[in-house]
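Reading through the C-alpha cells given below for one structure.
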Amino acid sequence: MHLYLLRHGIAADLSLGIKRDADRPLTKEGWKKMRDEAHGMQKLGIEFDLIFSSPYLRTRQTALAVAEVYEFDADNIISIENLAAGRPFAHPPYRNPEVFTDMGAYEFEKALIVGHMPDLSEMASLLLTGTTTTQFEFKKGSLCLIEVDALPPRHPGVLRWMLTPKQLISLASKH
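Residue numbering for the sequence shown follows our numbering, beginning at -16 and increasing consecutively.
The following block contains the structure:
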C-alpha cells in the first residue's frame, strides 16, 4: 500500500479577519504552487485511488488543486475528521490511532493524504517506527511516499522518498 503524505499549501493568516483556524483558505500563491506541484507529481508518475483530506478548508482546497490537475473525480476526495489539525495523534493509543482505522475502511492501493503539521510528522514516524518520536520536516506542500502492509499497519513501513515543494515544482518545469 502506497501512502503519499502531503502537507497543505500556503494559507491565509488568521489576522485577515478569519475567525477560525479551520476556515483559513489557500492564498492565490498557495493555489498556484499546489497546481504546479501536482504537475511535478504527474511527471514522477504518481497515481492514487483516493485522496484523504482533513476537513479544514486549506487541506480540502489543496486536495482539490491536485485533483484538478489530475482530472481526478472530486467525489473520491474523502474528508476524514480525525485528520483535522491536532487530532490524529493527540491522545493515546498512539500505536493504533483512529485515523488509520478510518482510512483503512476504504479499499485502495495508493492514497494521497492531505494534512497538517505536526500531525504528518507524527503519522510518518508512527508508520515507520511504531512511535511518534521521530521528527520529519514537512514544509507547506512537501510530499513523501511511505509503503505499508495495511492500515492500521502490522509492521513498520518503508520511506521511499520525501520531496520539498521546490523539488516538485522543478520537476514540473522539466520537459
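Beta carbons: idealized from backbone N, C-alpha and C, even for Gly.
{"Item": "Please give the ranges of any beta strand (DSSP E) in the segment 28 to 58, keeping only runs that are unbroken, at least 3 residues long and fully inside the region.", "Value": "33 to 36"}
{"Item": "How do the segment 50 to 65 and the segment 119 to 129 stand: do at least 3 beta-carbon pairs fall below 8 Å, yes or no?", "Value": "no"}
{"Item": "Could you work out which residue in Lys26, Ala107, Ile34, Tyr39 is closest to Ala94 when comparing CA atoms only?", "Value": "Ile34"}
{"Item": "Could you tell me the alpha carbon to alpha carbon distance between Glu54 and Thr84, rounded to whole angstroms?", "Value": "28 Å"}
{"Item": "Look up Ser104 in the DSSP assignment and say whether it is helix, strand or coil.", "Value": "helix"}
{"Item": "If the criterion is Cβ atoms closer than 8 Å, does the pair Thr160 and Leu(-11) meet it?", "Value": "In the structure displayed, the chain extends from -16 to 158; residue 160 sits before or after that span and is not available."}
{"Item": "Quick check on Lys123: buried or exposed, where buried means 16 or more other Cβ atoms within 10 Å of its Cβ?", "Value": "buried"}
{"Item": "On the DSSP bridge assignment, give the partners of Leu146 in chain order.", "Value": "Leu126"}
{"Item": "Going by C-alpha distance, which of Thr42, Ile152, Leu142, Leu27 is nearest Cys127?", "Value": "Leu142"}
{"Item": "Per DSSP, what kind of secondary structure is Leu134 in: helix, strand or coil?", "Value": "coil"}
{"Item": "For Asp6, which residues of its own chain have a beta-carbon under 6 Å away from its beta-carbon, when the five flanking residues on both sides are left out?", "Value": "Leu40"}
{"Item": "How long is the line joining the alpha carbons of Tyr89 and Gly13, rounded to whole angstroms?", "Value": "29 Å"}
{"Item": "Quick check: the Cα distance between Arg137 and Leu(-14), rounded to an integer number of angstroms?", "Value": "15 Å"}
{"Item": "Output the boundary residues of the beta strand (DSSP E) element that contains Ala94.", "Value": "93 to 98"}
{"Item": "I need the boundaries of the beta strand (DSSP E) containing His(-9), first residue and last residue.", "Value": "From DSSP, His(-9) is part of no beta strand (DSSP E); its letter is neither H nor E."}
{"Item": "In three-state DSSP terms, what is Asn152?", "Value": "According to the sequence as given, residue 152 is Ile; it is not Asn. Ile152 falls in the helix class under three-state DSSP."}
{"Item": "Given that a residue counts as buried once 16 or more other Cβ atoms are within 10 Å of its Cβ, and exposed if not, what is Arg92?", "Value": "Arg is not the amino acid found at residue 92; the sequence shown has Glu there. Exposed is the call here."}
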